[in-house]
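Residue numbers (this note's numbering), protein chains in the order written: chain A, 3 to 130; chain B, 3 to 130.
Glycine included, each C-beta is placed from N, C-alpha and C at the ideal position.
Just so you know, these numbers come straight off a predicted model, no measurement behind them.
Before any comments, here is the structure.
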DNA sequence: CGAACAGTTGTAGAGTTGTTCAAGTGTTAG
DNA sequence: CTAACACTTGAACAACTCTACAACTGTTCG
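Here's what the structure looks like:
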């Protein structure tokens, strides 16, 4: 094997400044930051757990606190992060505040990723 | 709209220890941790940018470094995080190492979230 | 009104993360 | 074998994050 390049690797020695293909960003920097924020909000096990709970329906802070055995204020803080990234919405009913997933997109996203993560370990015979 | 409470809010004073509905976790703790890891890996603007670039095709580290004007080792570190969470895969070809999205699920997930984040701001007239 | 309940928010400290520089590994060419 | 290139990894440090306690706001009840 000698002509390893039939897919156009970077030139030879200095692959730069003379012909960049149309590899522009498909989304703006702001959208990218919002998306990253969303991912980061979901990227904590305890917060993800809350989202998972809400996947099954609306809950108020004290109910969640009961279910997870965590401090009320801890739950509130976690929900705040999720709310900041628009992953959940809030609704007040008397003394209680009920939280729910923001919309169907969020629910779909969660279901997809949780399913993916629950899949068997996919033992690659060759990969790492 | 008056009898707002037909959805069973938490009891009255102390909603606990006597009748918890089937609100068990749908996924195990390990799956939850994997999912959170995945989200966290994608939850950084610079790493998400890399994923976005890879959405358009395989790239080697130096190409990415060129495109983003970041240090080669910085790119490598970022890719390592993505690889640890199985978001990207690696392939060696001579002196170059090419990275690509791990699979279609990842590509779909990215497209979905980036599209969601690019949507108009959804000005809620009543929400917060 | 004031007490009690439900949540939120300020804050501090432990822990985690991201970047960079330096040094190391793997691959090809001479 | 040596040099050069392409990347990876180790270490250090600033920046950020998560939790829990305390103090505060909002709501209902008597």
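Keeping to the same chain, check which residues put their C-beta closer than 6 Å to that of residue i; ignore five residues upstream and five downstream.
i                     : result
residue 60 of chain A : 100, 102
residue 72 of chain B : none
If you compare alpha carbons, which of the options is closest to residue i?
i                     : options                 : result
residue 49 of chain A : A:90, A:29, A:36        : A:90
residue 94 of chain B : B:35, B:62, B:36        : B:62
residue 32 of chain A : B:34, B:28, B:105, B:47 : B:47
residue 34 of chain A : B:51, B:34, B:36, B:37  : B:51
Taking 8 Å as the cut-off, decide whether the C-beta atoms of residue i and residue j are in contact.
i                      : j                      : result
residue 107 of chain B : residue 118 of chain A : yes
residue 53 of chain A  : residue 66 of chain A  : no
residue 113 of chain A : residue 57 of chain A  : yes
residue 116 of chain A : residue 29 of chain B  : yes
residue 45 of chain A  : residue 45 of chain B  : yes
Within the 8 Å Cβ cut-off, does residue i reach chain A?
i                     : result
residue 52 of chain B : no
residue 29 of chain B : yes
residue 94 of chain B : no
Beta-carbon within less than 7 Å of residue i's beta-carbon, same chain only, minus the 5 sequence neighbours each way: which residues are those?
i                      : result
residue 87 of chain A  : 39, 40, 43
residue 83 of chain A  : 43, 49
residue 78 of chain B  : 63
residue 80 of chain A  : 48, 49, 52
residue 111 of chain A : none
Checking contacts by CB at 8 Å: is residue i closer than that to chain B?
i                     : result
residue 14 of chain A : Residue placement at residue 14 of chain A cannot be trusted, given a pLDDT of 45 that sits under 50; what the coordinates show is reported in the next sentence. No, because no Cβ of chain B sits closer than 8 Å to the Cβ of residue 14 of chain A.
residue 45 of chain A : yes
residue 74 of chain A : no
residue 90 of chain A : no
residue 36 of chain A : yes
residue 99 of chain A : no
residue 2 of chain A  : Any property of residue 2 of chain A remains undetermined from this structure, which presents chain A solely from 3 to 130.
To which residues does DSSP link residue i through a beta bridge?
i                     : result
residue 91 of chain B : B:102
residue 61 of chain B : B:101
Which same chain residues, not among the five before or five after residue i, have their C-beta less than 8 Å away from its C-beta?
i                     : result
residue 64 of chain A : 74, 98
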